[in-house]
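Report on one structure; see the data block that follows.
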Amino acid sequence: MLAQPTMRISPRTLVEALSALPRGESRGFRFIGSDGQERYFPYQALEAEALRRAALLAARGIVKGDRVALVVPEGHEFVLSFLGTVAAGAVPVPIFPRATFKASSDYSDTVGHIVEASRSKLLVAMNANLTLVEPVRAKVELITTEELFAGEAPPFTPPALTPDDLCFLQFTSGSTSRPKGVQVSHGNLIANATAFLGPHGLDRNDADVGVSWLPLFHDMGLIGFILGPLICDIPVVILPTASFARGPKIWLETITKYKGTITYAPNFAYALASKRIKERDLSALDLSTLRVAGCGAEPIQAATLKEFARALAPAGFKETAYLPSY
């Protein structure tokens, strides 16, 4: 009798999606930290650490439905804390983790507004950015990942979750007005991910590898390259946003190293990369594996994409990989 093809069962919640991912060492998420160190988490390790963090959150009094603000600058720490919060039945509230070009007082005011609007019970930061969020301590209990997630986890039984339960709260950037929150349920997230990564979207396959430097508190970075790939089983390599800003070549070098097939970036990133890449760099790059080079999040300029395609053609980039997106 011929073996039947394996059917992918659509999960109902993000926690179910995590537990349904393949076991073994070959598939998982790779994070390149701000220190340049690579940290690889097979899917099984992601789930195990998420459950450990969920247990420690529960031991601190976090229960199903509580909101937990995350102001976490390191990619692996953010993702593990996000998944741990969801596994605890709580609702993560991602907040951009650095003041960037805003005044620190304006930044702490924005964080305080999001904490109050979301009714967060706990704010999780890291030692590296603790001073930036210290002024918010008067409004919410503040703790670092280094303190909260250290040590042995107590026994823990994950709460039951349904598609109607809130998965996370997503706040707008606040560039034109105070940030506003959007409620994203598990059902919303599963439907969105399977729509854009499934057969009617990018049509993911088992050879796909995502590469991204996009901010993890933004829609494209968080849903596009963390939550969607977890739901649909796409291994991903995550770079720090700051690393791309300092030298766009690292984005293309990472695609080359890990044979990336899917990447996304705003228009400005393609412009910056084509401007900064030198002819001498091209021989070390191989972009021929890219089947999707998405562009979105801001107005798309045809001239920008044409110039990137021209400049990177010697490295194997095919302009047919472009996918303008909204």
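Be aware that the sequence shown starts at 8, since it is given in the working numbering, and climbs by one per residue. We put the beta carbon where it would ideally sit given N, CA and C, even for glycine. Every value quoted in this text rests on a predicted model; they were computed, and no experiment measured them.
- A Cβ-Cβ separation of about 16 Å leaves Pro321 out of contact with Arg283 under the 8 Å criterion.
- If you look at Lys128, you'll find it in the beta strand (DSSP E) that goes 127 to 132.
- Counting only the Cα atoms, Ser112 lies some 42 Å from Leu28.
- When the beta-carbon positions are compared, Leu294 and Phe324 come within less than 8 Å of each other.
- Distances from the alpha-carbon of Asp42 to those of Phe48, Val299, His83 put His83 closest.
- If you check the CB distance, Trp220 and Pro242 do not come in under 8 Å.
- As summarised for the region 246 to 315, the continuous beta strand (DSSP E) elements at least 3 residues long and confined to that stretch are 269 to 272, 299 to 302, given in chain order.
- Under the DSSP definition of a beta bridge, Arg46 partners with Phe38.
- Put simply, the backbone Cα of Val147 is about 6 Å away from that of Leu129.
- Ser33: not part of any beta strand (DSSP E); DSSP gives it neither H nor E.
- Runs of the beta strand (DSSP E) lying entirely within the region 65 to 106 and spanning at least 3 residues, in chain order: 74 to 77, 98 to 101.
- Counting only runs of at least 4 residues, the region 144 to 188 fully encloses the following alpha helix (DSSP H) elements, listed from N- to C-terminal order: 152 to 155.
- Under the three-state reduction of DSSP, Ser26 is assigned to helix.
- Collapsing the DSSP output to three states places Tyr333 in coil.
- Beta bridge pairing from DSSP links Gln190 with Leu176.
- Here the region 86 to 97 lies against the region 65 to 77, with 3 or more beta-carbon pairs under 8 Å apart.
- By the neighbour-count definition (other C-beta atoms within 10 Å, threshold 16), Asn274 is a buried residue.
- Taking the Cα positions, Arg105 is about 20 Å away from Ala304.
- By the beta-carbon neighbour count (other beta carbons within 10 angstroms, threshold 16), Glu56 is buried.
- Our two residues, Gln190 and Thr169, have alpha carbons roughly 15 Å apart in a direct line.
- CA-CA distance, Glu326 to Asp240, rounds to 26 Å.
- For Gly231, no beta strand (DSSP E) segment is defined, and its DSSP state is neither H nor E.
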